[in-house]
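Novice: Would you mind keeping the following structure in view while I ask a few things?
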Amino acid sequence: MVHARRGGIGRYYDVNGWLFVAPALGLIALFMIYPIVWSLWMSFQSGRGMMMKFAGFANIVRLWNDPVFIKALTNTMTYFVVQVPIMILLALVLASLLNNPRLVGRGLIRTAIFLPCVTSLVAYSVLFKGMFALDGIVNSTLEAIGIISSPIPWLTHPFWAKVLVIIAITWRWTGYNMIFYLAALQNIDRSIYEVARIDGVPAWARFTHITIPLLKPVILFTTVISTIGTLQLFDEVYNLTEGKGGPSNATLTLSLYIYNLTFRYMPSFGYAATVSYVIVILVAMLAFLQFFLARERDR
Amino acid sequence: MDIFARAHLPRIAALALASASSLAVTAAEAKEITIWCWDPNFNVAIMKEAGARYTKTHPDVTFNVVDFAKTDVEQKLQTGLASGTADALPDIVLIEDYGAQKYLQSFPGAFAPLSGTVDYSGFAPYKVELMTLDGKVYGMPFDSGVAGMYYRKDYLEAAGFKPEDMQNITWDRFIEIGKQVEAKAGKKMIAIDPSDAGLIRIIMQSAGQWYFNKDGTANIADNAALKASLETVGKIMAADIHKPVAGWSDWAGTFASGDVAAVVTGVWITGTVKAQPDQSGKWGVAPIPALSIDGATHASNLGGSSWYVLESSAEKAEAIDFLNEVYAKDIDFYQTILQDRGAVGSLLAARGGAAYEAADPFFGGEKVWQNFSDWLTKVPAVNYGIFTNEVDAAVIAQLPAIIQGTPVDEALKAIDAEVSTQIQ
Amino acid sequence: MRNNPATIASAVFTYGFVGLMAFLSVFPFIWMVLGATNSSIDIIKGRLMPGEALATNIANFFTLVNVPLVFWNSAKVTIFATVLTLAVSSLAGYGFEIFRSRRRENLYRAMLLTLMIPFAALMIPLFIMMGKMGLINTHIAVVLPTIGSAFIVFYFRQSTKAFPSELRDAAKVDGLKEWQIFLYIYVPVMRSTYAAAFIIVFMTAWNNYLWPLIVLQSNETKTITLVISSLASAYYPDYGVVMVGTFLATLPTLTVFFFMQRQFVQGMLGSVK
């Protein structure tokens, strides 16, 4: 890397590197940097609607004293800690099962599992609310099997509403993550599995000792993307709770709060920008941690 | 590099096209009024009808009614206003009444005052009040969410009640009737969504109060009407005469499938109630129950919206004239939109028309529209303020505690505390 | 070996698990298809049987919505976005991974940081920018900010880590120029990566909601996603019509997925054989 700049070959190498990355970097710079600088500047302003004035760190002080913000932050972190590991593991298991060429009808099954992330949010929220209603199909099935004795208040109880949101995100995004793994699994030579199988390595060990290490770059990628997705979680909560994050703010996320501060409540563009930088800092820290952990295991 | 050039080609082509088409518009000298609103079967259809009426007498003016979801209209409006880009805004926009003051106060100068042109004395007073700021009136009052109590005559009869027993009752009586209905007809009295403060707002406004005082300051801890509303909802829940629901479709499902005996909400629900032909003749409409405190009435409101003209509009004069000619003067227009769309306008003179006089067989021949328009004149005017959504969220946050028996005074204190950090 | 109990048990487990997952995933879709055949009020009641309202719902959908136009708008936006994003982002992902330099690494990290900012915070400034460029209410404004996708660059870079360096070395010995290596070696070898990215970008662009909502202003430019949203938000939504709309809106992405997934199986294995 260091010698790249020396001599003719190094320069040739470097020029090519810039040519390949220039279009993307140029576009990202143009359409991201200006808005980012603008929103950073806004986060130091406060006021109603367009009547804004410079407020220094007033918005940060407001964060500390805002119970709704604290609630949204706690909820968001809960979703992240519980949901991301479940989903990544589920997607990995599904991808490796569906990668088996002997599995009958795997094309259809793959399409089936991918379906949730293309199903429109509108249909999906109407349906989920119907299925998980007090006298809905989920409760009646669970009661029939005998798992529960009285119906679970999925949508009206603070704890169960959170569980429902986690079910909903996992349902919607597992197939999406699976695609990345399926694509990456093509890069693994199948003969490795055959050799391991003949040596008597059990399926679970093949999964943990071959699949996971070989997919590591893509697992890292999906973990970071899912972290970002979960910390910016908006669509599912917005649609399941009709934009309210209820009951009793139990499902409110940071992004939904930003949305409310911008569009539902008296517009506080400055404070909303401040809350969004909280997300930036959180994701940056978590992503750094994830990259760091992935690097450690390299050795 | 090749890719880059290709990326730009369509853009250049589109720019050329765009400038060509804008030239064409100027050449034709036609005035086009752009309107943003929501609900294709309601507001959009009504505005198209209004536009068609105006174009008959003013052939040079045409209308472009653009249809977005309600929250989408609000997002687009706020983004457009905040960006200060004039061509990003329509000429006329529909705003829900609860949000009117928020827009008027946080984007001063963005909306054109209509006082001076429009004769506001002909409209329901509460509608005019909510769009008035510093002595100027800004909007054209449109549909009303005047509240009523829809009830199933058959269920109540099974419990031993006649339609007369439902007229002008109190909430305590409502709960007693509910217990009888539960015991004798086996049906819940009402559906309640613990994530929605709509019912609380209806009850509160019926006693002439709101979350805010006339001067806009928060009115929570000492608000007798809010306290009584919370107590009422708490009592209904404690009596277990309600069906808990989550969200609009769940709520609408309860009366579509005949699970509840009564629905207390705005007049705009009529279409949904009537969507079940097999329930024809089984429904009645009565005034909403009243609280037992000072200032209590049987009239209230939920929702409703009004039209506003943007100050930056190039067609401002035409837009104002259009609204004034149709919405403030055309009685026949109001008959058409009531008949076709079930829209109850807030122009009081419209009540004299034939459509309002008609008896509705679905409601057993009651003159429901006449009744609603009578109640409309009695809706107490309150200051919807600029923080209704914030307080709503704080109220909803306390509902589970109230259901579990927390004293209402404590809940009010908690609401007050949350509201004071939210109102900035 | 085929018939030993452990193999059978694992087959039962595999089919049972995968089958259950597939069922749970498909169920809402089936419900949506059934919904398209029912009247709005039956949908609210939770009816799970085919109804007779399909023709009415389709007719109402076609009356309320200019179907060819909105689908054409969506298709235009999606195809431009997909092709351009894949081209620009795969070039960059390849470039960052193959030609490493410290300065580009720093820029790469800065680029990843931009992923972390919620879009809601950028919407208003981006809108002002489009206003200054005179692009409001054009499809170009919808596509332009999405082409340089840090997310897809990140994906291509992570996938390029599996690109065998021997292939590059061999190509260089054969005297291929860098762009030729990219075009004739990398692109075909990475077929499965491109297929996955194609599906993801296509789906994101087709379903894109918030940004098109903000920049598109008229009925003539609206995409199918915006139209469905406005249908669903009525005072009393006609859910039958909404279901017809969402079903039709889902078909293109589903078709793309169904055909593209073949690339997963044929992908890189072909080149190894």
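Protein chains in written order, with UniProt numbering: chain A, 1 to 299; chain B, 1 to 424; chain C, 1 to 273.
All residues carry an ideal CB built from backbone N, CA and C; glycine is no exception.
All of these numbers come straight from a predicted model, not from anything done at the bench.
In chain order, what residues of the segment 179-201 of chain C put their CB closer than 8 Å to some CB of chain B?
Specialist: none
Novice: Quick check: the Cα distance between Val131 of chain A and Phe96 of chain C, rounded to an integer number of angstroms?
Specialist: Inspection of the sequence shows that residue 131 of chain A is occupied by Met rather than by Val. Straight-line Cα distance between these residues: approximately 46 Å.
Novice: How many Å lie between Val82 of chain A and Ala22 of chain C at the Cα?
Specialist: 23 Å
Novice: Tell me where the alpha helix (DSSP H) around Trp283 of chain B begins and ends.
Specialist: From DSSP, Trp283 of chain B is part of no alpha helix (DSSP H) but of the beta strand (DSSP E) over Trp283 to Ala286.
Novice: According to DSSP, simplified to helix, strand and coil, what is Ser195 of chain B?
Specialist: coil
Novice: Could you work out which residues of chain B lie near Glu143 of chain A, taking near to mean beta carbons separated by less than 7 Å?
Specialist: The contacting residues do not exist; Glu143 of chain A stays about 17 Å from chain B at best.
Novice: According to DSSP, simplified to helix, strand and coil, what is Trp154 of chain A?
Specialist: Secondary structure of Trp154 of chain A (DSSP, three-state): coil.
Novice: Hey, does Leu248 of chain C have any beta-carbon neighbour from chain B nearer than 8 Å?
Specialist: no
Novice: Is Ile198 of chain A helix, strand or coil by DSSP?
Specialist: Three-state DSSP puts Ile198 of chain A in a helix.
Novice: Report the start-end ranges of each alpha helix (DSSP H) in the segment 206-266 of chain A that is 4 residues or longer and not cut off at the edges.
Specialist: 216-231, 235-240 and 254-259
Novice: Straight-line CA distance for Gly200 of chain A to Ala11 of chain C?
Specialist: Between the alpha carbons of Gly200 of chain A and Ala11 of chain C lies a gap of roughly 17 Å.
Novice: Can you give me the C-alpha to C-alpha distance between Thr85 of chain B and Ile33 of chain B, rounded to a whole angstrom?
Specialist: 18 Å
Novice: Are the CB atoms of Thr170 of chain B and Ala290 of chain B nearer to each other than 8 Å?
Specialist: yes
Novice: Find out if the Cβ-Cβ distance for the pair Tyr79 of chain A, Ile219 of chain A is shorter than 8 Å.
Specialist: no
Novice: Whose Cβ in chain C lies nearer than 8 Å to the Cβ of Gln279 of chain B?
Specialist: In chain order: nothing, as chain C lies at least about 10 Å away.
Novice: Taking C-beta pairs closer than 8 Å, name the residues in chain C that Asn64 of chain B reaches, listed in chain order.
Specialist: Ser218 and Asn219
Novice: Taking Phe198 of chain C and Leu24 of chain C to be in contact with their CB atoms under 8 Å, please state how far apart those CB atoms are, rounded to whole angstroms.
Specialist: Not quite, the Cβ-Cβ distance comes to about 26 Å (not below 8 Å), so this is no contact.
Novice: Kindly indicate which three-state DSSP category Leu77 of chain B falls into: helix, strand or coil?
Specialist: helix
Novice: Of the choices B:Glu49, B:Asp39, B:Ala50 and B:His58, whose alpha-carbon is the least far from that of Lys31 of chain B?
Specialist: Looking at the Cα atoms, B:His58 is the closest of the given residues.
Novice: Would a C-beta distance cut-off of 8 Å place Leu77 of chain B and Val66 of chain B closer than the cut-off?
Specialist: no
Novice: Please tell me whether Ala191 of chain B and Val285 of chain B are closer than 8 Å, where the distance is taken between their beta carbons.
Specialist: no
Novice: Ala6 of chain C to Thr223 of chain A, Cα distance in whole Å?
Specialist: 33 Å
Novice: Just mark Glu390 of chain B as buried or exposed, buried being the case when its beta carbon has 16 or more other beta carbons within 10 Å.
Specialist: buried
Novice: Leu155 of chain A CB to nearest chain C CB: under 8 Å?
Specialist: no
Novice: Would you say residue 436 of chain B reaches chain A, if we count a Cβ-Cβ gap shorter than 8 Å as a contact?
Specialist: Nothing in the structure corresponds to residue 436 of chain B, since chain B is present only between 1 and 424.
Novice: Would Ser89 of chain C and Phe156 of chain C be called neighbours here (beta carbons separated by less than 8 Å)?
Specialist: yes
Novice: Please classify Ile152 of chain C: is it buried, with 16 or more other beta-carbons within 10 angstroms of its beta-carbon, or exposed?
Specialist: By the Cβ-count criterion, Ile152 of chain C is buried, with 16 or more other Cβ atoms from all chains shown falling within 10 Å of its own Cβ.
Novice: State the DSSP-derived secondary structure class of Trp251 of chain B, mapped to helix, strand or coil.
Specialist: helix
Novice: Counting pairs of Cβ atoms below 8 Å between the segment 125-140 of chain C and the segment 214-222 of chain C, do you hit three or more?
Specialist: yes
Novice: Spatial neighbours of Asn16 of chain A within its chain, please: C-beta separation below 6 Å, excluding the five flanking residues on both sides.
Specialist: none
Novice: Indicate whether Gly345 of chain B and Phe142 of chain B have their beta-carbon atoms separated by less than 8 Å.
Specialist: Annotated as proximal: Gly345 of chain B and Phe142 of chain B, with beta-carbon spacing under 8 Å.
Novice: Can you pull the chain C residues whose beta carbon is under 9 Å from the beta carbon of Asn139 of chain A, in chain order?
Specialist: In chain order: nothing, as chain C lies at least about 12 Å away.
Novice: Go through its chain and collect everything with a Cβ distance to Val263 of chain B's Cβ below 6 Å, but skip five positions before and after it.
Specialist: Tyr150 and Phe255
Novice: Using the beta-carbon of each residue, which ones in chain B are nearer than 7 Å to Ser229 of chain C?
Specialist: The CB of Ser229 of chain C comes closer than 7 Å to the CB of Ala69 and Asp72 in chain B, given here in chain order.
Novice: From Gly342 of chain B to Gly353 of chain B, what distance separates their C-alpha atoms?
Specialist: 14 Å
Novice: Could you give the DSSP three-state label for Ala262 of chain B: helix, strand or coil?
Specialist: For Ala262 of chain B, the three-state secondary structure derived from DSSP is strand.
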